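Residue numbers (our numbering), protein chains in the order written: chain E, 136 to 644; chain B, 952 to 1270. Just so it is clear, CB atoms sit at the ideal spot from N, CA and C, and this is done for glycine as well. Keep in mind the model is a prediction, meaning the values are calculated, not measured.
This is how it looks when you write it as structure tokens:
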């Protein structure tokens, strides 16, 4: 095999950070090459430079033996480099065909383009309808649109940034089949992921970044997930302790929780009901966009429902707002860190005040108790290992993982009786993720009820005592998490709990 | 009351003509908003267009020169807004409001020597046969060329937005500027072009007021037309053809209330014991504006569906 892309001594400095320091490695033709690293290790900066969104301060790139220094994505695409973004670069109000046209340099006339979309998408097992609006499609299908957009330009190098974080197991399998087919056709793929098992299954070689430097290159098939994680974070991962699950009394009871969709692209909730007991961690799986956000809004009190639909320790609170629910001990941590869980332009101390005011006693007679606020914020920072210069730092200045630790810590330290978190470790590196999971488990050990909504099945299997799936605004019955296999969960995610249930009760009978 | 004084054909001709300034301003603002920019300075750009058009037309003795100058004046003022919001990232709402105040003041200053003058006459077309048709000729074939250009512009904007690649890129920028940037499209340049186009359209609309509709220059002569144009964009749900509908609706309300005032409707009401001032009738276009906006905004899902995703949000390049 010969080299397609060669990086030599790439260095990029942002004010205060050396994002990439003398990074050198090469990608061969027809190779799936993994780029591994924690958050802030410099993966996205490196990829931005390859795709022309940023330019290196020093170092050289060669593509197919020719010097390569793209001025922008247009130049990169012209050179045969395509990219599938982690946060999709799609336009919700436009159709599939329009979105694809926007990502192409010389798009054919619309009718011809629609025909080619049908052909190429079918050829690679990713069927698409060109006339559908993106806003109406599931996350998995949206990713197909991004991939087909790349494929239509016959790329030599395809960059994929965390492609599987939003897919069901079946969709992941389909994606891997497509990528393997592409590799066989001689396309090189740069594959960025946190998921070590996937990399072992799929990738030919892996380059591992830590602190902006290349620390190792390995052949994933010859490594274990643990050894690669070790290289990635420079230390051994703390394994979660095995918990004894002995549930106590019912803390939270949902009965027939229904909620109409908020907007054109929203999802309605239908008749959700379950009981959460003290000491229980309920994991809720499902592909994003199946009602997770709406479910959290209903529980946090941002959207009101009928009082009887949500009962906390027997008290109907469905009609109450967030402040009352916090007072009663029901706390939530939404998925969107900046702008929902935390106010980006406010300091950590102010953000601590925003949800902690009542339970942590941070105001008195309408005035702020700045001493108490500072102490509370400092306690979060110390207990949850938030890396920040101080409590006066703006929330938006923190990295995603650090802010997530702060947001989770803020709720945990208010000693909730029930805590609901959505995507607690999304975009958080392995080390911080382990810390957050540990904190949630400790909270449950202390007698609280915890609901974890996540798209990461491994995570849910690791920490949940009980498990359910949200699909299309409906929730599957809650069942013990032990002994669930990935096939069953995948079918549940597709919305087939009727069938899965029949099978389940049959198997247990 | 003498309702027979209201001739339906005259009414129709009047509303089509009254709608033209609204139509130009609204279609320009539609393109601006489709690119994700909210320019509340339409009123200011219209009045600048009105005064620039009037000054140039009377000086040069040509209406055509006047319309070009009106467009240029509106575009120049719009670019001021564009530079401030796109490069200096000022708040779009505040800057737009300031632009209106600035435009009104500046227009009064420029317009001082031109009060009381008559502009060069601007006649309707006289198409052989067609213009002489009974009824239809008066209703459709005797307007001035600018009015037809306005209707043609609606069609052009529709084709541009829905059938051309540049139009698609403009919509993409307005829908999600971060994604458009990551695909390599120049967000700021596209928005500046849209803002300039919007300004030029508002300028032509203003010129039409001072050169054709009124026709003379008086201070503050736009009298809220720019605000109605903004409302029409929302009313039209950002769809070009509905701009035509909206402009005609509001033009119709304006003309109807004028005709009602002239027909002795008020004295008829007074004879029934209902005291009614002429001011209430003058209010109707604005009341209708508020009413229509309330009704449309009531259905939040539909309004949210059509509004460009990044409307009014500043774009900053990160990384």
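Do you know how far the Cα of residue 257 of chain E is from the Cα of residue 317 of chain E? The residue labelled residue 317 of chain E in the question sits at position 182 within the first chain. The residue labelled residue 257 of chain E in the question sits at position 122 within the first chain. Approximately 14 Å, taken between the alpha carbons.
Rounded C-alpha distance that separates residue 549 of chain E from residue 312 of chain E: As a first step, residue 549 of chain E must be located in the first chain, where it is residue number 414. As a first step, residue 312 of chain E must be located in the first chain, where it is residue number 177. Their backbone Cα atoms lie some 46 Å apart in a straight line.
Which residues in the same chain as residue 347 of chain E place their Cβ atom closer than 6 Å to its Cβ, once the five residues preceding and following it in sequence are excluded? Start at 1 with the first residue of the first chain, and residue 347 of chain E comes out as number 212. These residues qualify, in order along the chain: 153, 154, 155, 156, 177.
Use the C-beta contact count for residue 1116 of chain B: other C-beta atoms within 10 angstroms, 16 or more gives buried, fewer gives exposed. Numbered from its first residue, the second chain carries residue 1116 of chain B at position 165. Residue 1116 of chain B is exposed by the Cβ-count criterion.
Measure from the C-beta of residue 207 of chain E to each C-beta in chain B and report whether the shortest distance is under 7 Å. Position 72 of the first chain, counting from 1, holds the residue named residue 207 of chain E. It does: the Cβ of residue 207 of chain E has a partner Cβ on chain B nearer than 7 Å.
Taking 7 Å as the threshold (C-beta atoms), are residue 445 of chain E and residue 411 of chain E in contact? Here residue 411 of chain E refers to the residue found at position 276 when the first chain is read from its first residue. Here residue 445 of chain E refers to the residue found at position 310 when the first chain is read from its first residue. For the pair residue 411 of chain E and residue 445 of chain E, the CB atoms are not nearer than the 7 Å cut-off.
Meets three-Cβ-pair contact criterion under 8 Å: the stretch 1128–1147 of chain B and the stretch 961–973 of chain B: Because the criterion of three Cβ pairs below 8 Å is not met, the stretch 1128–1147 of chain B and the stretch 961–973 of chain B do not touch.
Going along chain B, which residues have a C-beta under 8 Å from residue 238 of chain E? Translated into positions along the first chain, residue 238 of chain E becomes position 103. Chain B residues near residue 238 of chain E: 1134.
Contacting residues, own chain, Cβ-Cβ under 8 Å from residue 1051 of chain B (five flanking each side not counted): Locating residue 1051 of chain B in the second chain gives position 100, counting from the first residue. The residues are 991, 992, 993, 994, 995, 1177.
Residue 266 of chain E: buried (16+ other C-beta within 10 angstroms of its C-beta) or exposed? Translated into the one-based positions of the first chain, residue 266 of chain E becomes position 131. Its Cβ having fewer than 16 others within 10 Å, residue 266 of chain E is exposed.
Give a yes or no on contact between the stretch 434–452 of chain E and the stretch 612–627 of chain E, applying the rule of three or more CB pairs nearer than 8 Å. Short answer: they don't touch.
Within chain E, partners of residue 1119 of chain B - CB distance below 8 Å: For the purposes of this step, residue 1119 of chain B is taken as the residue at position 168 of the second chain. Contact of residue 1119 of chain B with chain E by beta-carbon distance below 8 Å involves 229, 233, 236, 237.
Taking Cβ-Cβ distances shorter than 7 Å, what residues in chain B pair up with residue 224 of chain E? The sequence position of residue 224 of chain E within the first chain is 89, counting from 1. Those within 7 Å of residue 224 of chain E in chain B are 1130, 1133, 1134.
For the beta strand (DSSP E) containing residue 140 of chain E, list its first residue and its last residue. Counting from one through the first chain, the residue named residue 140 of chain E turns up at place 5. For residue 140 of chain E, the uninterrupted beta strand (DSSP E) run begins and ends at 138–149, by DSSP.
Measuring CA to CA, which of B:1241, B:1234, B:1196 is closest to residue 1101 of chain B? Start at 1 with the first residue of the second chain, and residue 1101 of chain B comes out as number 150. Of the listed residues, the one whose Cα sits closest to residue 1101 of chain B is B:1196.
Within the same chain, show all residues whose beta-carbon is closer than 7 Å to that of residue 1179 of chain B, passing over the 5 residues directly before and after it, in chain order. Counted from its first residue, the second chain places residue 1179 of chain B at position 228. So the list reads 973, 1201, 1236, 1240, once near-sequence residues are dropped.
The alpha helix (DSSP H) spanning residue 1141 of chain B covers which residue range? Numbered from 1 along the second chain, position 190 holds the residue referred to as residue 1141 of chain B. Residue 1141 of chain B -> alpha helix (DSSP H) spans 1138–1159.
Alpha carbons only, please: which of B:1158, B:1262, B:1185, B:1169 is nearest the one belonging to residue 1024 of chain B? As a first step, residue 1024 of chain B is located in the second chain; it is residue number 73 there, counting from the start. The shortest Cα separation from residue 1024 of chain B among B:1158, B:1262, B:1185, B:1169 belongs to B:1158.
Could you tell me the alpha carbon to alpha carbon distance between residue 1277 of chain B and residue 1227 of chain B, rounded to whole angstroms? With chain B covering only 952 through 1270, there is no way to say anything about residue 1277 of chain B.
Less than 7 Å between CB atoms is the rule here; does residue 1126 of chain B satisfy it with respect to chain E? One-based indexing of the second chain puts residue 1126 of chain B at position 175. It does: the Cβ of residue 1126 of chain B has a partner Cβ on chain E nearer than 7 Å.
Buried or exposed for residue 558 of chain E, going by 16 or more other Cβ atoms inside 10 Å? What you label residue 558 of chain E is simply residue 423 of the first chain in a count that begins at 1. It counts as buried.
Whole-number beta carbon distance between residue 255 of chain E and residue 98 of chain E, since they are thought to touch under 8 Å: Because chain E is modelled from 136 through 644, residue 98 of chain E falls outside the range shown and cannot be assessed.
Please list the partners that residue 1122 of chain B has in chain E, where partner means a Cβ-to-Cβ separation under 9 Å. Within the second chain, the letter at position 171 stands for residue 1122 of chain B. Chain E residues near residue 1122 of chain B: 226, 228, 229, 233.
Span separating the alpha-carbon of residue 373 of chain E from that of residue 1149 of chain B: Taking the first chain and counting its residues from 1, the one referred to as residue 373 of chain E is at position 238. Taking the second chain and counting its residues from 1, the one referred to as residue 1149 of chain B is at position 198. Confidence is the limiting factor: at residue 373 of chain E the pLDDT is only 48, short of 50, which leaves the residue's position unreliable and the question unanswerable from this model.
Report the start-end ranges of each alpha helix (DSSP H) in the stretch 1021–1090 of chain B that is 4 residues or longer and not cut off at the edges. The stretch 1021–1090 of chain B contains these whole alpha helix (DSSP H) runs: 1043–1062.
Alpha carbons only, please: which of E:421, E:303, E:217, E:308 is nearest the one belonging to residue 287 of chain E? Translated into positions along the first chain, residue 287 of chain E becomes position 152. When each option's Cα is compared against that of residue 287 of chain E, the closest is E:217.
Determine the extent of the alpha helix (DSSP H) in which residue 1231 of chain B is found, giving its start and end residues. To locate residue 1231 of chain B, count along the second chain from 1; it is residue 280. From DSSP, the alpha helix (DSSP H) with residue 1231 of chain B extends over 1229–1249.
Cα separation between residue 345 of chain E and residue 276 of chain E? As a first step, residue 345 of chain E is located in the first chain; it is residue number 210 there, counting from the start. As a first step, residue 276 of chain E is located in the first chain; it is residue number 141 there, counting from the start. Annotation: residue 345 of chain E to residue 276 of chain E spans about 33 Å, alpha carbon to alpha carbon.
With the cut-off set at 7 Å, would you say residue 465 of chain E and residue 556 of chain E are in Cβ contact? Counted from its first residue, the first chain places residue 465 of chain E at position 330. Counted from its first residue, the first chain places residue 556 of chain E at position 421. The beta carbons of residue 465 of chain E and residue 556 of chain E sit no closer together than 7 Å.
Quick one, which residues of the stretch 161–192 of chain E are near chain B if we go by CB-CB under 7 Å, in chain order? Residues of the stretch 161–192 of chain E with a C-beta atom less than 7 Å from some C-beta of chain B are 183, 188, 189, listed in chain order.
Taking only three categories from DSSP, how would you classify residue 637 of chain E? Taking the first chain and counting its residues from 1, one reaches residue 637 of chain E at position 502. Reliability fails at residue 637 of chain E, whose pLDDT of 39 lies under 50, so the model's placement of it is uncertain and no value is given.
Through-space distance from residue 427 of chain E to residue 637 of chain E, alpha-carbon basis: Within the first chain, numbered from 1, the residue matching residue 637 of chain E stands at position 502. Within the first chain, numbered from 1, the residue matching residue 427 of chain E stands at position 292. With a pLDDT of only 39 at residue 637 of chain E, under 50, the local geometry of the prediction cannot be trusted, and no value is derived from it.
For residue 574 of chain E, go through chain B and note every residue whose CB falls closer than 8 Å to its CB, in chain order. Taking the first chain and counting its residues from 1, one reaches residue 574 of chain E at position 439. By Cβ distance, chain B contributes nothing, its closest Cβ being about 30 Å from residue 574 of chain E, past 8 Å.
Cβ-based contacts, 9 Å cut-off: residues of the stretch 240–264 of chain E near chain B: Residues of the stretch 240–264 of chain E with a Cβ closer than 9 Å to any Cβ of chain B, in chain order: 242, 245.
Can you grab the Cα-Cα spacing for the pair residue 453 of chain E / residue 443 of chain E, in whole Å? In the first chain, counting from the first residue as 1, residue 453 of chain E sits at position 318. In the first chain, counting from the first residue as 1, residue 443 of chain E sits at position 308. Roughly 6 Å separates the two Cα atoms.
From residue 384 of chain E to residue 413 of chain E, what does the alpha carbon distance come to, in whole angstroms? Stepping through the first chain from its first residue, residue 384 of chain E is reached at position 249. Stepping through the first chain from its first residue, residue 413 of chain E is reached at position 278. One C-alpha to the other measures close to 6 Å.
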